[in-house]
Amino acid sequence: SPYMRHIYPVLYCQFMDTGIADHPDLNIVGGRSFLNDSLPDDWADHHGHGTHVAGIAGARNNDNGVWGVLPGVRLFAGKVLHNDATGSSVGVARGVQWVTEFGPDLGINVINLSIGGSDGATDALVCAAVSAAAARGMVVMSAAGNSASDLRSSCPAVCAGSLAVTAVQFSSGASKGPAIPGDFSNW
Numbered sequence: 018s019p020y021m022r023h024i025y026p027v028l029y030c031q032f033m034d035t036g037i038a039d040h041p042d043l044n045i046v047g048g049r050s051f052l053n054d055s056l057p058d059d060w061a062d063h064h065g066h067g068t069h070v071a072g073i074a075g076a077r078n079n080d081n082g083v084w085g086v087l088p089g090v091r092l093f094a095g096k097v098l099h100n101d102a103t104g105s106s107v108g109v110a111r112g113v114q115w116v117t118e119f120g121p122d123l124g125i126n127v128i129n130l131s132i133g134g135s136d137g138a139t140d141a142l143v144c145a146a147v148s149a150a151a152a153r154g155m156v157v158m159s160a161a162g163n164s165a166s167d168l169r170s171s172c173p174a175v176c177a178g179s180l181a182v183t184a185v186q187f188s189s190g191a192s193k194g195p196a197i198p199g200d201f202s203n204w
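Its first residue numbered 18, the sequence shown is counted upward by one per residue in the numbering used here.
Pasting the structure below:
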């Protein structure tokens, strides 16, 4: 739509994940690592999940493969997960706190958290950071999870101020019609 073409070039998305790898389809403008055992500028993705998620959001429409929901959107990598896709609440909260403090001056207004805790417990540290980001005007999107269960046990999706993103599928394998929750996704 003309409205989206006008709005999305000003968006600047922070991806809290395994980092983002250099890729010709992605408009990566920088990044930062929030892991204790790495330097702040060591935000490259050596796992693949962060790059995959960034591509879903912003892969360019350049006649080379697929394009994202907001083709060419400016991406800033926030590495909060190690190369084996593990991390800590402290690292995630540190990343969200940093972008809440410095993101507005950089033009960052969207935080994507396609991550989740394995214990299913609500994490007060992460939820406090997410709530503070939302209160500052950030849009915080979090994965609902892939356990085919109630998302009320999925953090950070359950945090106040977070928009939980889940998957849907068409019923009975149809290509269109009413959608139902994805059989793998939390609901």
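Idealized CB from N, CA, C, for every residue including glycine.
- Here Phe187 is exposed, its C-beta having fewer than 16 other C-beta atoms within 10 Å.
- Under the DSSP assignment, Ile73 falls in the alpha helix (DSSP H) whose first and last residues are His66 to Gly75.
- A contact is defined here as three or more CB-CB pairs under 8 Å, and the stretch 83-99 meets this definition with respect to the stretch 49-61.
- The stretch 116-134 and the stretch 146-159 touch, with three or more beta-carbon pairs separated by less than 8 Å.
- Here Leu142 carries a helix assignment [DSSP, helix/strand/coil].
- Residue burial annotation: Ala141 is exposed, with fewer than 16 other C-beta atoms found within 10 angstroms of its C-beta.
- A Cβ-Cβ separation of about 17 Å leaves Val83 out of contact with Phe32 under the 8 Å criterion.
- Taking 9 Å as the cut-off, the beta carbon of Pro173 is found closer than this to the beta carbon of Cys144.
- Per DSSP, Ala61 is not a residue of any alpha helix (DSSP H), being assigned neither H nor E.
- At a Cβ-Cβ threshold of 9 Å, Gly67 and Asp34 count as neighbours.
- Relative to Val182, the option among Trp204, Ser166, Ser170 and Lys193 whose CA is nearest is Trp204.
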